[in-house]
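Chemist: Counting from 1, position 290 in the sequence shown corresponds to residue 963 in my numbering; the numbering is continuous, with no gaps. A virtual CB, placed ideally from N, CA and C, is assigned to each residue, including glycine. As the structure is a computational prediction, the values presented were derived from the model and not from experiment.
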Amino acid sequence: MKQNEVQSVTQKIEALRREIDRHNHQYYVLNAPLVSDAEYDRMMNELAALEDAHPDLITPYSPTQRVGAAPLSAFGSVRHAVVMRSLGNAFEADDVAAFDRRNSEALQAAGLMPPGGQVEYMAELKFDGLAVSLRYERGLLVQAATRGDGQTGEDITANVRTVRSVPLRLQGDDIPEVLEVRGEMLMTHQDFERLNEQQRQRREKVFVNPRNAAAGSLRQLDPRITATRPLRFFAYGWGEIRLRQASGELDLFNQEAGDAAMPRDTHAGMLDWFASLGLPVNDLRRRVRGVEGLLAYYEEISAQRATLQFEIDGLVYKVDSLEAQSVLGYVARAPRYAVAHKFPAQEENTVVLDIDVQVGRTGALTPVARLKPVFVGGVTVTNATLHNEDEIRRKGIYIGDTVVVRRAGDVIPEIVASIAELRPADARPFHMPQSCPVCGSAVERLEDEAATRCTGGLFCAAQRKQSLTHAAGRKALDIEGLGEKLVDQLVESGRVKSLADLFTLNVLELAAYERMGQKSAENLVKAIDKARKPELGRLLFALGIRHVGETTARDLALHFGSIEAIMQADEEALLAVRDVGPVVAGSVVRFFGEPHNREIIQALQQAGVEPVAEAAPQGGALPLAGKTLVLTGTLPNWSRDEATRHIMAAGGKVSGSVSRKTAYVVAGEEAGSKLEKARTLGVTILDEDGLKALLAQE
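Structure representation (structure tokens):
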């Protein structure tokens, strides 16, 4: 190849690398992609093809090299040029006030702050991940290491190179000769749940929490495994820094010796500089004044904590002025100018006193651990769901065990793990009961299902309250005014024992219940009377048949035309209905095979409930005939129910999950993971106007 051709290819490769680096920064750091996934893939494919044709031009910092290197036999060790120190802790407001008071007194004594002045701080999130140090030389990532003991860590360079939020080379014109940036490697809640689901599908061990998942992913000897893990990085500090000088290199980082000739003169300025170099820095950092500012920031972040996309276990406060930091110095292994304000513990140890079983609306038997009371995540926890028998076995939980209990924000407490080493001699395993603890009906566990269920159906008192609330819902019989509190009173008083009993209620007796007056009772009776002639699909959905959702109920109603025909149908007849498979068919047959369920249908008819046959969609070629759509987010004008009705009227089906069979995903504001999956699978995405245009087609 001629020299000018080589130069042209080199320039093309370098231009593609910089463009891809820019888009990686926009996507993984700023969360603001500038191009479609298809366009990004096109650029990556073009770069890979050029590098394949010219392997001598491949460099370690090329975006194509993030796939992971060959497996390691062991991690090497890295001695940090500057010690990675830990922080002192503050747990109460008084601790924070004492920290601020010490700083104020020291800085006033040093002449850096006038009497009565307030210390300026940089307040940041304290991420619950794995601390790492990244070393850049002339803008290129050359080494990454764990914190280790602060002096020496493990060399995880090959693994960190696969993390897409970590730039392989810095950007901009202000690039230092050497930069050791310190930060946290972590995993978001959404990515953590997705990873654990993948682990379950592969029948591999799931991770206890995002921190363990991040740490385990970074310490894989095979970087190709790390490359598949959704890790993210946030920078918050630094070690060694050298800037390029006309007279030669100048080692600027020797803060402990009092050298403050840094690229910026405040901690906030340093973080802004990092961001300009393309390093991820969290946006929730804040400059505040005095103890009042620190505590106000604590309250603000505490209120947001449950909605953050990642785990934090506290906040970090640092005196903002680097000169002031140098004056304040260090004590033992921690700086005087910084402190970690910890949140109440979200994980604690306690003892499983017993395991009870609760019965839900669908008959699912859920084991619930009764715990020795423990204060965790800001509340006293006495119960924790154990989900199902398999989950108990997987976590190895015995009655009497010491367990780790976790609670984050408003999340229901869960048992993370059992500590087998502390198991007492009288601990005993849990066994699911063979009959319903409420109604005595037999329980069953179908093949390929994790849940054990009561077969009592509408006969089971434990299912009655939730079944009635479900039946009265908008998508079912739509009985306005029949809320959970009134249902509780009706069931507990013994007045309502089945769905049919609702249709025998009168104004006089309803008005006697708590929070029910004459007018409310009259309105409720009118709503009940209106529900005596429901569409057949709505009645089927109201019955709460396992696996029969709103769409399937309507399909059954359209196919059979009457409740009697559905009750008499066998599995073969049911399988002839659109989108009804063996699981749904079997569930319908079992439901109507129970004598007490057939008795309730008869009682409904005696109470004057006469379902109306579903009206088949009119018109010739329906625009959505045979199409499956998924709704996600909030539409500007239509509610989810309204959009569903329009789609079904046009011959379409609404599903709750996105798959390759999905024709369209209709996305509104705050669309979540369904939108991301649609993009991954290449499913057509519509907004509300797009859906309306589709429905308007002849």
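DSSP on Phe764, reduced to helix/strand/coil?
Modeler: Position 91 of the sequence shown holds residue 764. Looking at Phe764 - three-state DSSP - the assignment turns out to be coil, as it is neither helix nor strand.
Chemist: Is the beta carbon of Leu785 less than 8 Å from the beta carbon of Ala997?
Modeler: Within the sequence shown, residue 785 is the residue found at index 112, counting from 1. Within the sequence shown, residue 997 is the residue found at index 324, counting from 1. Yes, the Cβ-Cβ distance between Leu785 and Ala997 is below 8 Å.
Chemist: Which residues bound the alpha helix (DSSP H) around Gly963?
Modeler: Taking the first residue of the sequence shown as position 1, residue 963 is located at position 290. It spans 963-977 - the alpha helix (DSSP H) in which Gly963 sits, taken as one unbroken run.
Chemist: Between the alpha carbons of Ala1184 and Val1198, how many angstroms are there, rounded?
Modeler: Locating residue 1184 in the sequence shown gives position 511, counting from the first residue. Locating residue 1198 in the sequence shown gives position 525, counting from the first residue. Approximately 11 Å between the Cα atoms of the pair.
Chemist: Which first and last residues belong to the alpha helix (DSSP H) in which Asn1022 is found?
Modeler: Within the sequence shown, residue 1022 is the residue found at index 349, counting from 1. Per DSSP, Asn1022 belongs to no alpha helix (DSSP H); it is in the beta strand (DSSP E), 1020-1032.
Chemist: How many Å lie between Glu1195 and Leu1359 at the Cα?
Modeler: In the sequence shown, counting from the first residue as 1, residue 1195 sits at position 522. In the sequence shown, counting from the first residue as 1, residue 1359 sits at position 686. Taking the straight line joining both Cα atoms gives about 43 Å.
Chemist: With a CB to CB cut of under 8 Å and the five nearest residues on each side skipped, what residues in its chain are close to Pro1309?
Modeler: Along the sequence shown, one-based indexing puts residue 1309 at 636. Here the set comprises Gly1341, Glu1342, Glu1361.
Chemist: Where does Ile686 fall in DSSP's three states?
Modeler: Your numbering for residue 686 matches position 13 in the sequence shown. Ile686 falls in the helix class under three-state DSSP.
Chemist: I'd like the list of long-range same chain contacts for Lys1015, defined as Cβ closer than 8 Å, with 5 residues on each side in sequence excluded.
Modeler: The residue you call residue 1015 lines up with position 342 of the sequence shown. Counting only Cβ-Cβ distances below 8 Å, and skipping sequence neighbours, we find Asn762, Ala763, Phe764, Lys799, Asp986, Gly987.
Chemist: Taking contact to mean at least 3 C-beta pairs separated by less than 8 Å, is the region 749-756 in contact with the region 824-835?
Modeler: Output reads yes: the region 824-835 touches the region 749-756.
Chemist: Suppose the cutoff is 8 Å on Cβ atoms and the five residues either side in sequence are ignored; what does the same chain contact list for Leu962 look like?
Modeler: Working through the sequence shown from its first residue, we reach residue 962 at position 289. According to the sequence as given, residue 962 is Arg; it is not Leu. So the list reads Gln791, Val792, Glu793, Tyr794, once near-sequence residues are dropped.
Chemist: Between which residues of its own chain and Leu1277 is the CB-CB distance below 6 Å, once the five residues before and five after are set aside?
Modeler: In the sequence shown, counting from the first residue as 1, residue 1277 sits at position 604. Within the same chain, Leu1277 has close Cβ partners Ala1173.
Chemist: Buried or exposed for Gly1281, going by 16 or more other Cβ atoms inside 10 Å?
Modeler: Taking the first residue of the sequence shown as position 1, residue 1281 is located at position 608. Looking at its Cβ environment, which holds fewer than 16 other Cβ atoms inside 10 Å, Gly1281 is exposed.
Chemist: Per DSSP, what are the beta-bridge partners of Asn1056 in this structure?
Modeler: Translated into positions along the sequence shown, residue 1056 becomes position 383. DSSP, once it has assigned bridges, lists Arg1043 as partnering Asn1056.
Chemist: Starting from His1303, trace the alpha helix (DSSP H) in both directions and tell me its first and last residue.
Modeler: One-based indexing of the sequence shown puts residue 1303 at position 630. The identity of residue 1303 in the sequence shown is Val, whereas the question assumes His. Val1303 -> not in any alpha helix (DSSP H); beta strand (DSSP E) instead, spanning 1301-1305.
Chemist: According to DSSP, is Pro1008 part of a helix, a strand, or is it coil?
Modeler: What you label residue 1008 is simply residue 335 of the sequence shown in a count that begins at 1. Pro1008 falls in the strand class under three-state DSSP.
Chemist: Should the region 1152-1167 be called in touch with the region 1225-1234, which here means at least 3 C-beta pairs below 8 Å?
Modeler: At 8 Å Cβ cutoff, the stretches do not touch.
Chemist: Roughly how many angstroms separate the alpha carbons of His1319 and Phe983, rounded to a whole number?
Modeler: Counted from its first residue, the sequence shown places residue 1319 at position 646. Counted from its first residue, the sequence shown places residue 983 at position 310. The straight-line gap from Cα to Cα measures roughly 38 Å.
Chemist: By Cβ distance, which residues of its chain are closer than 7 Å to Arg690, with the 5 residues on each side in sequence left out?
Modeler: As a working note, residue 690 is residue 17 in the sequence shown. Same-chain partners within the cutoff: Leu720, Ser735, Pro736.
Chemist: Taking the beta carbon of Lys1334 as the centre, do at least 16 other beta carbons fall within 10 Å, making it buried, or is it exposed?
Modeler: Counted from its first residue, the sequence shown places residue 1334 at position 661. Exposed: under 16 other Cβ atoms inside 10 Å.
Chemist: What span of residues does the beta strand (DSSP E) with Arg915 cover, start to end?
Modeler: Within the sequence shown, numbered from 1, the residue matching residue 915 stands at position 242. Arg915 -> beta strand (DSSP E) spans 905-916.
Chemist: Can you list, in chain order, the residues of its chain with a C-beta nearer than 7 Å to that of Ala1123? Leave out the 5 residues immediately preceding and following it.
Modeler: As a working mapping, residue 1123 is identified with position 450 in the sequence shown. Hits under 7 Å: Asn1061, Asp1063.
Chemist: Which residues share a DSSP beta bridge with Ala796?
Modeler: Indexing the sequence shown from 1 puts residue 796 at position 123. Bridge partners of Ala796: Arg959, Tyr990.
Chemist: Taking 8 Å as the cut-off, decide whether the C-beta atoms of Pro1008 and Arg820 are in contact.
Modeler: Taking the sequence shown and counting its residues from 1, one reaches residue 1008 at position 335. Taking the sequence shown and counting its residues from 1, one reaches residue 820 at position 147. Taking 8 Å as the Cβ cut-off, Pro1008 and Arg820 do not qualify as a contacting pair.
Chemist: Measuring alpha carbon to alpha carbon, tell me which residue in Thr732, Gly1036, Val1160 is nearest Val1111.
Modeler: Along the sequence shown, read from residue 1 onward, the residue named residue 1111 stands at position 438. Residue Gly1036 is the option with its Cα nearest to Val1111.
Chemist: Could you tell me how far apart the beta carbons of Leu859 and Ala887 are, in whole angstroms, since I believe they sit closer than 8 Å?
Modeler: Within the sequence shown, residue 859 is the residue found at index 186, counting from 1. Within the sequence shown, residue 887 is the residue found at index 214, counting from 1. Indeed, because the Cβ distance is near 5 Å, the residues count as touching under 8 Å.
Chemist: Which one or two residues does DSSP pair with Glu850 in a beta bridge?
Modeler: The residue you call residue 850 lines up with position 177 of the sequence shown. Answer is none; Glu850 lacks a bridge partner.
Chemist: What do you get for Pro733, buried or exposed, if any count of 16 or more other CB atoms within 10 angstroms of its CB means buried?
Modeler: Here residue 733 corresponds to residue number 60 of the sequence shown, with the count starting at 1. With fewer than 16 Cβ atoms within 10 Å of its Cβ, Pro733 is classed as exposed.
Chemist: For Ala1397 and Leu1304, which I take to be in contact (beta-carbon distance under 8 Å), what is that distance rounded to the nearest angstrom?
Modeler: This structure cannot settle anything about residue 1397, because the visible part of the chain is limited to 674 through 1371.
Chemist: Can you tell me the Cα-Cα spacing of Leu1348 and Gly1363, whole angstroms?
Modeler: For this step, residue 1348 is matched to residue 675 along the sequence shown. For this step, residue 1363 is matched to residue 690 along the sequence shown. Near 15 Å, if we compare the C-alpha coordinates of Gly1363 and Leu1348.
Chemist: Under 8 Å between the Cβ atoms of Ala779 and Val1000?
Modeler: Here the question's residue 779 lines up with position 106 in the sequence shown. Here the question's residue 1000 lines up with position 327 in the sequence shown. Yes, they are a contact pair.
Chemist: Could you tell me the alpha carbon to alpha carbon distance between Thr683 and Ile693, rounded to whole angstroms?
Modeler: Numbered from 1 along the sequence shown, position 10 holds the residue referred to as residue 683. Numbered from 1 along the sequence shown, position 20 holds the residue referred to as residue 693. Roughly 15 Å between the two C-alpha positions.
Chemist: Tell me the rounded alpha-carbon separation between Glu1267 and Asp1252.
Modeler: Working through the sequence shown from its first residue, we reach residue 1267 at position 594. Working through the sequence shown from its first residue, we reach residue 1252 at position 579. Approximately 24 Å, taken between the alpha carbons.
Chemist: In whole angstroms, give me the CA-to-CA distance for Ser1171 and Phe1132.
Modeler: Locating residue 1171 in the sequence shown gives position 498, counting from the first residue. Locating residue 1132 in the sequence shown gives position 459, counting from the first residue. Taking the straight line from one Cα to the other gives about 7 Å.
Chemist: Going by DSSP in three states, Asp649 sits in which element: helix, strand or coil?
Modeler: Residue 649 is absent from the structure shown; the chain starts at 674 and stops at 1371.
Chemist: Does the distance from the CB of Thr1317 to the CB of Val1327 come in under 8 Å?
Modeler: Indexing the sequence shown from 1 puts residue 1317 at position 644. Indexing the sequence shown from 1 puts residue 1327 at position 654. Their beta carbons are under 8 Å apart, which means Thr1317 touches Val1327 by this criterion.
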